[in-house]
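Written below as structure tokens is the structure these notes are about.
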Amino acid sequence: MSQTPEKKRKRKKKTKQTITRALTHIRLIEANPGKLRALDQLVSVYLMLCQQYVTLFCTEVDPDKYATPVFETELSDRGHRVAIQQAAGIAKSWRTNRANAYEAYLEAVSDWKLAQEVEATPKRKEPEWCEWNIPELRVPCIQANVNVVVVEPSEDSTFDYWLRISTLDKGHPLRVPVKLASYHRKALEGHTLNTSTTLHKRKGIWWLTLSFDEDVPLQTASSPLPVGVDVGIANFVTTSTGRQYGSFHGKLRTRQKHDREKRRRKAKLRACLKKKGREKLPSTSSASGQRLARHVRQSINRAVNQMMTDHPNARIVYEDLSVASMRFKAKAMNAYLYASNLAHIPEQLAWATARRGMEAYTVKAAYSSQECHCCHYADRANRPDQSTFRCIVCHYSDHADHNAAANLAQRFGDKELAVCKNKGEVKALLLQRHDAWKKQHRLTVVEPPVQLGLWGDSGASTDVG
Ligand SMILES: [Zn+2]
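Taken in order, the sequence shown gives residues 197 to 661; the numbers are from the numbering used here.
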């Protein structure tokens, strides 16, 4: 390839991207129970070590995959390293989530203080911070690499693979046969397995997860239209093109209410039994609760997929949001959040766009639901209720979710906004834009603004009137 002297280098356009797909629910069947017992022994030692590092990484030192081993164990050095890596991964995401939640809490406090100054009779309670518990590893699980677990193709036709697992007994690896289901084989066709494997045990049964990489051709529409996607509870997904998909209201909400009452009753019973000194307490998780969560996830998936089908040549722009930060936005919605599993929506958006080779971007979410799409004025007062947006300055009105989706679409490629470091800087930028809008529109505004003081000294009301 030749280059022009001005060093004008064109970035090579990506034509494909690689996604990793998982083959889950591969049950380990083993006629010889002694083998799986050896696996049990290995995992109990492994889990204990992993937990020690999780606690260390969450409390004292920064999570580091390459950290120097500090605990004693029967495991080999390689097994020890795998435990450190797994613990570092768990601790890292725990720390990130906690930090995000704490930041959201601080913002909620400053919002609350502002509201205290404005409102004569404060309605809201001051947000409280609840310290997070250190993650506790309950499900026996090994996220292994080729150093401890090797997947070997099987020579005979009874099984698909052999799993060679290094055990506590050095030099005597465990060999466990692996049989794939036909849908696993179909998914894997034409691909090569990755070397990382996950083993976990649930209700006495060992399960294996394998993965493989797949190249997905990128869609090459000449100039895809940015479509903003707002994520919410009333409507799972609202697009800037004015469409809505899925909802937590109606049937799902009724089911969630029942589930919540059931959990409350169970919790009461537990407390009562605990008082009486009973040692074995009933669990608060329920099969129906898990079914409900699964049902919500399926509804979300359906909503996201339908949205993608309706917008084939779009560039999807959605909020960079964490559920931890949403938790402080609406206290009453907390219970819904639990069931609606809101975090699953952005995950599903990311996955569904990647799988289709569609372009997807996240943008800053700050004030996207309070900002007026027309004049950029951002204020809580622009939202008289959950579903309505009505700008108190320019009187622009819209469905609240649609206004937010339109703002998100507009934020795509907005470099000034992207460099803002916190919510305060975003607010200042929006105010600047609102001022610019006022200057541009000062002559067309005839009515004086409802609320005095909003227009500043050079406001339209003085100039025009
Ligand atoms: Zn406005």
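Cβ coordinates follow ideal geometry from the N, Cα and C atoms, glycine included.
May I have a chain-ordered list of the alpha helix (DSSP H) segments no shorter than 4 residues that lie completely inside the region 358–389?
378–384
Could you check the C-alpha separation between G661 and D455 for me, to the nearest Å?
Any reading at G661 needs caution, since the residue's pLDDT is 30, under 50, leaving its predicted position unreliable; the model's value is listed next. G661 and D455: Cα-Cα distance of roughly 59 Å.
Using the three-state DSSP reduction, which class does T220 fall into: helix, strand or coil?
strand
I'd like the list of long-range same chain contacts for A234, defined as Cβ closer than 6 Å, with 5 residues on each side in sequence excluded.
T363 and L370
Quick check on this structure: which residue in R493, C568 and A601 has the alpha carbon closest to the alpha carbon of R586?
C568
Does ligand 1 have even one heavy atom less than 7 Å from the beta-carbon of Y592?
yes
Apart from the five residues just before and just after N599, which ones in its own chain have a Cβ nearer than 7 Å to its Cβ?
H569 and F585
Where G386 and R490 are concerned, what is the direct C-alpha to C-alpha distance, given to the nearest angstrom?
31 Å
Taking the beta strand (DSSP E) that R398 belongs to, which residues open and close that run?
T393 to R398
Cβ-Cβ distance between A430 and S419 below 8 Å:
no
Within 8 Å, strictly: CB atoms of R179 and V423
With the chain represented from 197 up to 661, any question about residue 179 goes unanswered, as that position is not in the structure.
Label C254 either buried or exposed according to how many other C-beta atoms from any shown protein chain fall within 10 Å of its C-beta, with 16 as the threshold for buried.
buried
Does the distance from the C-beta atom of L389 to that of L376 stay below 8 Å?
no
Examine the Cβ distances between the region 245–260 and the region 213–233 and report whether three or more of them are shorter than 8 Å.
no
For a test of your reading of the model: does the CB of L589 fall under 7 Å from any non-hydrogen atom of ligand 1? Yes or no.
The sequence given here has Val at residue 589, not Leu. Checking every heavy atom of ligand 1 against the Cβ of V589, one is found closer than 7 Å.
Between which two residues does the beta strand (DSSP E) harbouring V314 extend?
Note, V314: premise wrong, no beta strand (DSSP E); alpha helix (DSSP H) at D273 to V314.
Per the DSSP calculation, V346 is bridged to which residue(s)?
R360
Do K623 and D411 have their beta-carbon atoms positioned less than 8 Å apart in this structure?
no
Consider the C-beta atom of C570 and the heavy atoms of ligand 1; say whether any pair is separated by less than 7 Å.
yes
Got a sec? Which residues, its chain only, sit under 7 Å from H221 by beta carbon, not counting five neighbours each side?
W403
Do I496 and R223 have their C-beta atoms within less than 8 Å of each other?
no
In whole angstroms, what is the alpha-carbon distance linking T214 and D409?
6 Å
Taking the alpha-carbon positions, what's the N509 to Q486 distance?
36 Å
Cβ neighbour criterion (16 or more within 10 Å) applied to R607:
buried
Buried or exposed, going by whether 16 or more other CB atoms sit within 10 Å of the CB of A605?
buried
Please report the distance separating the alpha-carbon of T216 from that of A550.
10 Å
With T434 and D597 assumed to form a contact (beta carbons below 8 Å), what rounded beta-carbon distance in angstroms separates them?
4 Å
Applying the criterion that 16 or more other CB atoms from any shown protein chain within 10 Å of the CB defines a buried residue, is F267 buried or exposed?
exposed
Closer than 7 Å to a non-hydrogen atom of ligand 1 - does that hold for the CB of Y573?
yes
Alpha-carbon to alpha-carbon, Q566 and K307
For the sequence presented, residue 307 should be read as Asp rather than Lys. Going by the C-alpha atoms only, they are around 13 Å apart.
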